[in-house]
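Some notes on the structure that comes next.
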Amino acid sequence: MRSTRLKVIVPLLTAAVALTLLTGCNVGPKYKRPAYQAPEAFRGADETQVATNTQASLGDKTWPEAFQEPELQALIKEAMGNSFDVRIAAQRILE
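Quick note on numbering: the numbering used here labels position 12 of the sequence shown as 14, and the sequence is numbered without any gaps.
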């Protein structure tokens with residue numbers, strides 16, 4: 003008698019828990035993008051200012067050249083020449 007009750011109660015509880023979990027996935031109505039009107043011009047757009055920086059950008063240098071110390075640059079060159087893994091990594095960066 004007790005086992006027949008369990009055979010009925012366990013599937014019902016399992017179904018109730020599953021339904022509870024599934025209803026928790028419902029987050030609300032579908033998202034609608036709000037209407038947005040872009041401005042004709044942004045503040046300062048009519049001012050024609052062009053950057054006149056004559057210095058070379060740090061991004062234009064290779065990464066060993068970014069370091070100013072000759073001793074450190076020599077160590078980097080030595081490591082690049084003797085390390086197979088570093089050469090592979092450097093080639094991947096250059097790709």
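Backbone N, C-alpha and C fix where the C-beta goes; we use that ideal spot for every residue, glycine too.
- In this model, Gly83 and Thr56 are separated by some 33 Å (Cα to Cα).
- Excluding five sequence positions before and after Ala43, none of the CB atoms of its chain fall closer than 7 Å to its own CB.
- With a minimum length of 4 residues, the unbroken runs of alpha helix (DSSP H) contained wholly in the segment 16–92 fall at 72–84.
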